[in-house]
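Right, one structure below, let's go through it.
Residue numbers (my numbering): 165 to 466.
Next up, the structure:
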């Protein structure tokens, strides 16, 4: 969990994160959470009543601190979406828990912030069609399970075909990435697919999961992108979305390394790309905010 604190420190050191462009989310409304997740599951997690098998599937031991951190991270994604609606582009310093299903958690994911936010955007009429562009190295199987029969929310997953989960969830739009894929081949796959997806489905809002676990040094990734490759991916995707005038909220997704400072810097590539794209487009785009980034408001001690 140290990577979240280190990411904020890294972005402050580079000057991307300042007191003027950072927001902290407030408490999460449980009713908003339960509009997407099974209410019984929500209550059992909050009360510490998960079974041993459920905790094992999640991979994290229950604690009151974990409850606070989990709810705050989801609230941060909701805030990021609201800021994106107001300003055109916003980035979270956490988020991307795409392995959480409606009634259970998995793969270090308890609640699916992407699903919760997409449901809330449509339910509140703030967006008519939401596309979730998931570039985490692992399939967003939980996200796919939420929206099998919801035409207003389109999950798109660019994921390593030979990686967790080994049994992929059917549904949504799945674009496999071959194991060992390098910078050029990966970006070519994105360029071959993203323009068609945007033209075909015409979303008015995008949730972008910019997983850093595609990095060549990630211990769970099996894809060979360099720092430059991740930056190019994020720059291309955000440029495409800004050119299409689609409000975009970004989350950092997965990233795994025993050296937490290294993985924090990899996550920071998303914010670097967003800052570059924003500087490029802020004078041309009708939405001209002074503030772009949002902080997840992680509890003290993370």
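Even glycine gets a Cβ: it sits at the ideal position worked out from N, Cα and C.
Proximity to residue 283 across 430, 238 and 355 peaks at 238, based on C-alpha coordinates. The beta-bridge partner set that DSSP reports for residue 399 is empty. A straight line joining the alpha-carbon of residue 359 with that of residue 392 spans about 22 angstroms.
When the Cα atoms are used, residue 444 and residue 207 turn out to be separated by approximately 45 angstroms.
Residue 399 and residue 215 have their alpha carbons spaced roughly 42 angstroms apart. In the assembly as shown, residue 272 is an exposed residue. Its beta-carbon has fewer than 16 other beta-carbons within 10 Å. Between residue 321 and residue 336, the beta carbon gap of about 6 angstroms places them in contact (Cβ cut-off 8 angstroms). Residue 201 sits in coil when the DSSP states are folded into three classes, being neither helix nor strand.
Boundaries of the alpha helix (DSSP H) harbouring residue 221: 216-222, taken from the DSSP string. Non-local C-beta neighbours of residue 386 in its own chain, meaning closer than 6 angstroms and more than five positions away in sequence, comprise 324, 327 and 343, ordered along the chain. Residue burial annotation: residue 304 is buried, with at least 16 other C-beta atoms found within 10 angstroms of its C-beta. Here residue 376 is not near residue 285, since their CB atoms are 9 angstroms or more apart. Non-local C-beta neighbours of residue 429 in its own chain, meaning closer than 7 angstroms and more than five positions away in sequence, comprise 174, ordered along the chain.
Residue 295 is positioned such that its CB atom lies closer than 9 angstroms to that of residue 370. Residue 365 has its alpha-carbon roughly 31 angstroms from the corresponding atom of residue 234. Within the same chain, and ignoring the five residues on either side of residue 292 in sequence, the residues whose Cβ sits closer than 8 angstroms to its Cβ are 286, 316 and 368. By the criterion of at least three beta-carbon pairs nearer than 8 angstroms, the stretch 407-414 is not in contact with the stretch 337-356. Rounded to whole angstroms, the separation of the alpha carbons of residue 170 and residue 425 is 6 angstroms.
Pairwise C-beta distances place the stretch 259-278 out of contact with the stretch 178-186, as fewer than three of them are shorter than 8 angstroms. According to DSSP, residue 323 shares a beta bridge with 340.
Leaving aside the five residues that flank residue 221 on each side, the residues in its chain whose CB is nearer than 6 angstroms to its CB run, in chain order, 270.
Beta-bridge partners assigned by DSSP to residue 295: 318 and 370. Secondary structure of residue 253 (DSSP, three-state): strand. About 12 angstroms separates the CB atoms of residue 394 and residue 354; that is not less than 8 angstroms, and the two are not in contact. In the displayed model, residue 415 falls within a strand according to three-state DSSP. The alpha carbon of residue 259 has as its nearest neighbour, out of 437, 442, 431 and 356, the alpha carbon of 431. Going by DSSP, residue 355 is part of the alpha helix (DSSP H) stretching over 347-365. In this structure, residue 243 and residue 187 form a Cβ contact; the two beta carbons are roughly 6 angstroms apart against a cut-off of 8 angstroms. For residue 435, the three-state secondary structure derived from DSSP is helix. For residue 275, the secondary structure class from DSSP, reduced to helix, strand or coil, is coil.
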